[in-house]
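Residue numbers (UniProt numbering): 6 to 413.
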Ligand code: HEM
């Protein structure tokens, strides 16, 4: 029975892995043991126009590490760090040990590993490249719902490390963090998770810890319109600002990353009945269908009224407040759950590591967050406690290093 179970899990994993990477990264299967480690061996190509880990289908585990630069680190130091990181990210994501890897055996299971590097504002000051800093790079405007803690906010550099295996994530984080220690100190670390490969059919929208189907309506990055929302083009720095566009030309193929740590009060959410929970979002818990529809991806009917003439999807429901007719106010959501030990007197400390990628946060993310700040039924249970914005350089070709268009 154990052997049969193992083969079953392997086959599921293999299907999931090949669907996720389009069949390009997964190695062949030869017998049951080959199938069983298919997910472990699967790889996401590192080199390319864009960094991986953005439009990559979200892996089960993520760790985000934000760093502060040490005083005195300059352009040369940043180039040294980028070269080392680029080399070792390329190695780790293809299942090879890092150059100074003290645990090389852990590197043999890439498990769809991606590492995404981003820059905070201080990188530009340290490198003497202020003119290249995109106009939107800096703290978001304050929102009334924010209860931000410095210990979860901002940062000079960020690494987003994702994989289908948490040991692979931890190993990559450890190696890359060690390599940065002469240039940086760790500012914050956030761990996130989703369902594991094989536990739900491939393509299933994730559920957050409130039990909601979360991620149904997202930017489709496979369409030209979707690509333009996520990626910064070759000649624009976003925002339609000519000056910023010139200075930020190095960001072609890159994007911006907004990280919001949003605490969810599951203890008070428990007090709400099912109808109240569904009304807060405007979608059914069972399958994520809008309250006016039958299937998850049905278009919500915001005009629909019940027999009393009241809107079926509440005026302040999360999906009504989050959407707009302005198609440019959209971003790629790639959120992860978190669940950490509660402080004394509480039963839980959970929430979302809410990650959004967009070409221009000032014109895409901020207006949506502003609307949710004004009114959103979910605000009763959700509180942003951390916030950071990073500029994410484009990908690199073999022989180049990450950020070369900026520092080189
Ligand atoms: C939709 C949950 C925070 C923007 C949704 C949906 C859920 C959800 C369940 C419906 C399914 C879907 O289409 O994905 C949450 C929770 C949050 C949170 C639990 C905090 C803990 C945010 C924030 C933003 C945001 C901070 C942006 C500032 C959106 C957008 C949609 C959405 C744009 C799609 C709306 C549509 O077009 O139908 N969210 N959300 N959410 N959320 Fe959130």
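Ideal Cβ positions, reconstructed from N, Cα and C, are used throughout, including at glycine.
Quick caveat: nothing in here was measured; it's all calculated off a predicted structure.
Once DSSP output is grouped into helix, strand and coil, what is the label at residue i?
i           : result
residue 156 : helix
residue 37  : At residue 37, the pLDDT of 49 sits below 50, so the modelled position is not reliable; the number obtained from the coordinates is stated separately. In this structure, residue 37 counts as helix in the three-state DSSP scheme.
residue 87  : helix
residue 188 : coil
residue 400 : coil
residue 44  : helix
residue 361 : strand
residue 323 : helix
residue 255 : helix
residue 82  : helix
residue 5   : The displayed coordinates of the chain run from 6 to 413. Any statement about residue 5 would go beyond what the structure contains.
residue 67  : strand
residue 292 : coil
Less than 7 Å between the CB of residue i and some heavy atom of the ligand HEM, yes or no?
i           : result
residue 323 : yes
residue 357 : yes
residue 311 : no
residue 280 : no
residue 220 : yes
residue 373 : yes
residue 290 : no
residue 215 : yes
residue 231 : no
residue 131 : no
residue 119 : no
residue 351 : no
residue 265 : yes
residue 383 : yes
residue 328 : yes
residue 228 : no
residue 360 : no
residue 412 : no
Please tell me whether residue i and residue j are closer than 8 Å, where the distance is taken between their beta carbons.
i           : j           : result
residue 48  : residue 167 : no
residue 373 : residue 293 : no
residue 154 : residue 390 : yes
residue 261 : residue 358 : no
residue 105 : residue 96  : no
residue 215 : residue 200 : no
residue 393 : residue 237 : no
residue 356 : residue 53  : no
residue 126 : residue 143 : yes
residue 146 : residue 371 : yes
residue 271 : residue 323 : no
Residue i: beta carbon under 7 Å from a heavy atom of the ligand FAD?
i           : result
residue 286 : No copy of the ligand FAD appears in this structure; the ligands present are the ligand HEM.
Can you tell me where the alpha helix (DSSP H) holding residue i begins and where it ends?
i           : result
residue 204 : Here residue 204 belongs to no alpha helix (DSSP H), and DSSP marks it neither H nor E.
residue 173 : 171 to 184
residue 412 : 409 to 412
residue 273 : 271 to 274
With 16 as the cutoff for other CB atoms within 10 Å, does residue i come out buried or exposed?
i           : result
residue 180 : buried
residue 379 : exposed
residue 159 : buried
residue 406 : buried
residue 349 : exposed
residue 266 : buried
residue 28  : Because residue 28 sits at a pLDDT of 36, beneath the cut-off of 50, its placement in the model cannot be relied upon, and the point is left open.
residue 161 : buried
residue 291 : exposed
residue 119 : buried
residue 375 : exposed
Return the first residue and the last residue of the beta strand (DSSP E) that residue i is part of.
i           : result
residue 373 : No beta strand (DSSP E) contains residue 373, which is instead part of the alpha helix (DSSP H) from 366 to 379.
residue 305 : Note, residue 305: premise wrong, no beta strand (DSSP E); not H, not E.
residue 231 : Element bounds for residue 231: not the beta strand (DSSP E) but the alpha helix (DSSP H), 229 to 235.
residue 166 : 162 to 168
residue 123 : 119 to 124
residue 129 : It is not in any beta strand (DSSP E) - residue 129 instead sits in the alpha helix (DSSP H) that spans 127 to 131.
residue 345 : 341 to 345
Is the shortest distance between the beta-carbon of residue i and the beta-carbons of chain C less than 8 Å?
i           : result
residue 367 : Reference to chain C is not applicable here, since this structure consists of a single protein chain.
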